[in-house]
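Below you'll find the structure, written out as structure tokens, and then a few comments.
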Amino acid sequence: MATMMREFAQVREPVGLDDLIEALTQLRAALPEGAEADVRFKGDDVFGRQICISWLREQTAEEAELDARYTAASATSLSLAA
-11 MATMMREFAQ
-1 VREPVGLDDL
9 IEALTQLRAA
19 LPEGAEADVR
29 FKGDDVFGRQ
39 ICISWLREQT
49 AEEAELDARY
59 TAASATSLSL
69 AA
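Positions -11 to 70 (our numbering) are the ones given, in order, by the sequence shown.
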């Protein structure tokens, strides 16, 4: 089974409704097949509010290679510390 990575897109700046709809439509078209995006509203009155969209995607080969390299290095350093 492939490792899944969480990807994020955020709308931080105030935008018009038409611009927001256009941006979300482009984002939806670019999502991987079968991705189920979650939309959340984050923030507060002090720091501002933003729209956060997240979805899961499969890990790329480059990410898997880096993950394996750092996992092996971490295991080696843990065994040396023991």
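Glycine included, each C-beta is placed from N, C-alpha and C at the ideal position.
Leu15 and Ile41: beta carbons closer than 8 angstroms?
In contact: Leu15 and Ile41 (Cβ atoms closer than 8 angstroms).
At what residue ranges does the region 0 to 61 contain a whole run of the beta strand (DSSP E), taking only runs of 3 or more?
Counting only runs of 3 or more, we get 26 to 32, 36 to 46.
Short check: CB of Ala25 to CB of Leu19, under 8 angstroms?
yes
Could you tell me the alpha carbon to alpha carbon distance between Gly31 and Gln38, rounded to whole angstroms?
Using only the alpha carbons, I get a separation of about 6 angstroms.
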